[in-house]
Structures are given as C-alpha cells and as structure tokens.
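Trainee: Heads up: the sequence shown at position 294 corresponds to 294 in the UniProt record's numbering, and the numbers run straight through without jumps.
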Amino acid sequence: MIDVRSREVAVPFLQSLIQVDTCNPPGNEHRLSLLLQDFLRKAGLDSRISSIGGIEQGRSNLEAVFPGDGGRKLMFCGHLDTVSPWTAEAGKYHPHGAVIDNGKMYGRGTSDMKSGLAAMLLAAVSLHQDGIRLGGDLIFLATAGEEVDSCGARQYAEQHSLSELDGLVIAEPTGSRVAVGHKGALWLRISLFGRSAHGSMPQLGLNAVEGMMEVIALLHQHALEWQAHDPVLGSSSLSVNKIDGGVQTNVIPDRCTIDVDIRTVPPLLHEELLSEITAKLEEMKQLHSGYRYQVEELLDRSVVYTDPVEELIRIALELAGKTGGAGGQSGEEEVHRKAAANATDTAVRGVSYYTDASVLHDHGRLPVLIYGPGDPGLAHQPDEWVDIEAYLDSIEFYRKLAVSYLGVIRD
1 MIDVRSREVA VPFLQSLIQV DTCNPPGNEH RLSLLLQDFL RKAGLDSRIS
51 SIGGIEQGRS NLEAVFPGDG GRKLMFCGHL DTVSPWTAEA GKYHPHGAVI
101 DNGKMYGRGT SDMKSGLAAM LLAAVSLHQD GIRLGGDLIF LATAGEEVDS
151 CGARQYAEQH SLSELDGLVI AEPTGSRVAV GHKGALWLRI SLFGRSAHGS
201 MPQLGLNAVE GMMEVIALLH QHALEWQAHD PVLGSSSLSV NKIDGGVQTN
251 VIPDRCTIDV DIRTVPPLLH EELLSEITAK LEEMKQLHSG YRYQVEELLD
301 RSVVYTDPVE ELIRIALELA GKTGGAGGQS GEEEVHRKAA ANATDTAVRG
351 VSYYTDASVL HDHGRLPVLI YGPGDPGLAH QPDEWVDIEA YLDSIEFYRK
401 LAVSYLGVIR D
C-alpha cells in the first residue's frame, strides 16, 4: 500500500468519507463503519464494529486497536455522523460532493469532523505501515450519534472500562489549535399547562402562552444570578431556542412548551441548577395556582477541562508550535503566518461546543485534548469546507502525538 500520509491517498480517502451520507437524524453511520473497516482490512489491520440498537437500525461504532508494548493506552476518537445537509439554495456546493476548489474540500462533515476522523485513522495506519512499535496501545474509536445524543459514546462507555485509558484525543474542529476543554450543556424542555377557553372570554381560561412569557423572564433573571465565567472556557449562558403553544387564534391555549439551552462553566453544577429552576417554577405556581408545569431533561453533558500541565497537553502545545497551525500558504506569507501562529499556539483555549469527551472522560479523570484541522466557525454551516493542507498537516500531528505520548519500542 502506498504511504497513507501521501496526498494521493489521504485526499481521496477523505472524499470517500464525505460522499457517504451520515446526516443525523437518522445517522446511518454503519455504512461509514463498513468503509473504514474495509480500508483497515486492506492495510492488514483488524477492527470491530458494534451495532447501536441492532444492525437493522443502520447505526454502529467502529473500534481498531493498534497494540503496543503494555504501557499507556491513548484513545483517538471522532464521530461518524454529521448534522443535516444544507439546501441547494443555501450553498454553492453539493453537501456530499467532496468538491475541491482552491485548496479547500467542500462537503458536510469536512470540518465537523470527518477530516479529523480521517487524519487520526491515517496517522495510526501509517505507524503500522512503518513498522513502528508503540510503547502502549493506540485505540481508534469512531462513534455514532454525537450530533444528537452521543449514543455511540455512551454505549462504548457502558461496555468498556474507561479506567484503563490514560488519555483521550477528540478530533473536533479547532482550527489546528490546542483546546483543553469545553462548556457543559444542559438542555431542558419546560411545559406549562393552563386552562382552555373561548378567545372572547379569556377570563374563563388560564393562558399557557402568556404564562410562559413569565417563565422565560424568570429563567433569564435567574441566569443573571448564577452567571459564571472561566478564563479558558468562557461564560455560562441560557437561551430559549424553541417554543410551541396554542391551537388557533380564538382559543385560549392550555399548553405551551419551550426548549432551553444552558451552557455551563465551573463552578456551576447541573444538578444544582435544575433544582434551582424547579424551585423557581414552584414559586411561580404558588402565585398562579391554576398552572401546572413539567420539566424534562433532554441532554446533560458535563464540563470538560484538562490542566495544561498534563503531559498530553504539553506535548500537543509543543507539536502545534512546531507545525504553526493550519497550512495552505507558501513563501514569505507562510513564514509570517507561522511566526504569528507560534506566538499564540502556546496558549490553551476552550471550545464552545460539547463533544463525546463529556461521556468518555471518566468523570474528569482522563486528560482530554481537543484538536482538529477544521474551522469551528464552519461547523453546521452551508458550504462547509476544510483546508486540505491543514488536513494533511493534522495527520502528522496525530502521528507525532501518539509517538511522543506512548513512546516507541526499539529493537
């Protein structure tokens, strides 16, 4: 097999991943698991596919273990699914065309995060190709469902002992910068129940839509009271992003529902926030005894943060400084860009989105590195793209990271 790090292999390989539609919902990640397994088989490597909810659902994880000499265990993790494609009106390029234009590859998942997933796998396979024996195990995990409920990561955590791992690398888009964590996410669905009546006789009913306006104001006021800021992860936030209520114009609505997105940073605790919000709703109920409310927890993702003194982060910072971030330029412009990047790559950062690390970090014990070639600002956007040079550079980054962290056994 030709060197998998070469442009001739790496670029078509990423194109093949983009061309497989794994938009979630419904996901259909199994078709991509099979593609990766076939690639590994041709490279002489074994892998294991685990179905999610039965193979007939078309969803699965893929795991490949590159065994070392019994030392540390490092996991490379990326997700197989993407968000929904953009419409023809919204973008210039086909979401699954994997078109290359002016040094960029366009398609759903190019940035978030099939480029990182592909680079991790190619880095691991290249070590096998070169006959390099690592001092510990390198585990490659491709998960289903990260964009919705992290079903793949959750199943892996239930079926494996995370305590055996020593480090976790997530290939989400960071613009080839070192990130040490992300905010927590708590999604709530709050339903308010009132009493229906004729629109001409509102005094006979209890308007759930108008009552929900009070609930929303209460939530925002409460968010100001518990607002927190972290120097790396940023500030907490609360936003009401979906509302549903009412039957028709001349009917007093007896039900209204909102979906609330809360992002948290230390020292906020989700359990405490949920209790406080429930208590506030109970207070409101005392003022308006006819109302009844219900709170459902849609998603709970913990904060992820790794101290920059951890060896995994220190190695990553050193490597990022040497590579100077994303590629794609040349000549004097490239020299100046690398100099500027080297000056900033020694600083750690957090990312605004959540990742599978919130499920896999073993309750905060594992050091987590988030690093990927994609631009986080392009995630979920029309005409999503990845810089091809940044993608190729990231293969080298992951390869060197594995060697540095796990060590090499020399005969």
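Just so it is clear, CB atoms sit at the ideal spot from N, CA and C, and this is done for glycine as well.
If distances are taken between C-alpha atoms only, which option among Thr-249, Leu-268, Gly-245, Val-240 comes closest to Asp-259?
Mentor: Minimum Cα distance to Asp-259 is reached at Val-240.
Trainee: Below 7 Å, is the gap between the Cβ of Ala-10 and the nearest heavy atom of the ligand MG?
Mentor: The model depicted lacks the ligand MG and carries no ligand whatsoever.
Trainee: Can you tell me where the beta strand (DSSP E) with Arg-23 in it begins and where it stops?
Mentor: The residue asked about is misnamed: residue 23 is Cys in this sequence, not Arg. Per DSSP, Cys-23 belongs to no beta strand (DSSP E) and is neither H nor E.
Trainee: In this structure, how does DSSP classify Tyr-305 when only helix, strand and coil are distinguished?
Mentor: strand
Trainee: Quick one: is Gly-176 buried, meaning 16 or more other Cβ sit within 10 Å of its Cβ, or exposed?
Mentor: First, the residue type needs correcting, since residue 176 is Ser and not Gly in the sequence shown. Buried: at least 16 other Cβ atoms inside 10 Å.
Trainee: Can you list, in chain order, the residues of its chain with a C-beta nearer than 8 Å to that of Gly-350? Leave out the 5 residues immediately preceding and following it.
Mentor: Ala-179, Val-180, Gly-181, His-182, Lys-183, Asp-230, Val-232, Leu-233, Gly-234, Tyr-305
Trainee: Using only alpha-carbon positions, find the residue among Ser-236, Arg-292, Ile-395 that is nearest to Ala-185.
Mentor: Ser-236
Trainee: Quick one: Cα of His-361 to Cα of Val-368, how far?
Mentor: If I take the Cα positions, the gap works out to 7 Å.
Trainee: Enumerate in chain order the residues of its own chain whose CB-to-CB distance from Val-20 is below 7 Å, with the five nearest sequence positions on each side excluded.
Mentor: Arg-31, Leu-32, Leu-35
Trainee: Which stretch, first to last residue, makes up the beta strand (DSSP E) that contains Arg-195?
Mentor: Run containing Arg-195: none; DSSP gives neither H nor E here.
Trainee: With C-beta atoms as the reference, is Asp-387 less than 8 Å away from Gly-103?
Mentor: Against a cut-off of 8 Å, the Cβ pair of Gly-103 and Asp-387 comes out as a contact.
Trainee: Please report how far the alpha carbon of Ile-18 lies from the alpha carbon of Gln-286, in whole angstroms.
Mentor: So the alpha carbons of these two residues sit roughly 54 Å apart.
Trainee: Pick out whichever of Arg-410, Asp-411, Ser-289, Tyr-405 has its Cα sitting closest to the Cα of Phe-76.
Mentor: Tyr-405
Trainee: Roughly how many angstroms separate the alpha carbons of Ile-2 and Val-9, rounded to a whole number?
Mentor: 7 Å
Trainee: I need the straight-line Cα distance from Ile-139 to Pro-173, nearest angstrom please.
Mentor: 20 Å
Trainee: Return the Cβ separation of Gln-57 and Ser-47 in integer angstroms, given the expectation that the two are a contact with Cβ distance under 8 Å.
Mentor: The Cβ separation is near 20 Å, so there is no contact.
Trainee: Using DSSP with H/G/I as helix, E/B as strand and the rest coil, what is Arg-255?
Mentor: strand
Trainee: Return the CA-CA distance between Ser-115 and Tyr-391, expressed in angstroms with no decimal places.
Mentor: 6 Å
Trainee: Give the C-beta separation of Pro-373 and Ser-394 to the nearest angstrom, bearing in mind that I take them to be a contact with Cβ-Cβ under 8 Å.
Mentor: Sure, about 4 Å apart at Cβ, within 8 Å.
Trainee: Assign Ala-43 to one of three DSSP states: helix, strand, or coil.
Mentor: coil
Trainee: Just tell me which of Pro-308, Leu-401, Gly-145 has its CA closest to the CA of Ala-347.
Mentor: Pro-308
Trainee: Would a C-beta distance cut-off of 8 Å place Ser-126 and Arg-7 closer than the cut-off?
Mentor: no
Trainee: Decide if His-79 is buried, meaning its Cβ has at least 16 other Cβ atoms within 10 Å, or exposed.
Mentor: Here His-79 is buried. Its C-beta has 16 or more other C-beta atoms within 10 Å.
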